[in-house]
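Asker:
See the structure below:
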């Protein structure tokens, strides 16, 4: 089975992991997924991640989910915006503000994956991949 949209698959697995109150999830890895997970970790939406089987062809990511207390998920919403069928590009000035600054929009730019705040600071636009609250 091939995955048509690996970012949507990753976001769905994270969403399902939180719904099932899992401590961690394991997903197939790619450079884009590692960048996205690293960005979510740096923004404190995820606890941590580990790259498993780094030497083999099928590298996997073990992603540790973050909760308030014992089982209240940090993430309220994680939504894919730009899809493989319809790409959504925004300039620096038209980047979305998410939940009055309490959430983030993940932007794919020429500088790599950035949050909407960082992209505005650097004055770059790009493809809006997802919104996280």
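In the working numbering, the protein residues as written are -17 to 115.
Each residue gets a CB set at the ideal place from its N, CA and C atoms; glycine is no exception.
Is there contact here, the stretch 60 to 73 with the stretch 41 to 52, by at least three beta-carbon pairs under 8 Å?
Answerer: These segments do not touch.
Asker: Across which residues does DSSP place residue 63 in a beta bridge pair?
Answerer: In DSSP, residue 63 forms no bridge with anything.
Asker: Look at the alpha carbon of residue -13 and the alpha carbon of residue 99, and state the distance between them as a whole number of angstroms.
Answerer: Between residue -13 and residue 99, the C-alpha separation is close to 25 Å.
Asker: In whole angstroms, give me the CA-to-CA distance for residue 1 and residue 59.
Answerer: Looking at the two C-alpha atoms, the distance is approximately 11 Å.
Asker: Could you check whether residue -11 and residue 26 sit closer than 9 Å to each other, using their CB atoms as the reference points?
Answerer: Cβ atoms of residue 26 and residue -11: not closer than 9 Å.
Asker: With distances taken from CA atoms, which of 23, 30, -4 and 115 is nearest residue 46?
Answerer: Nearest option by C-alpha distance: 30.
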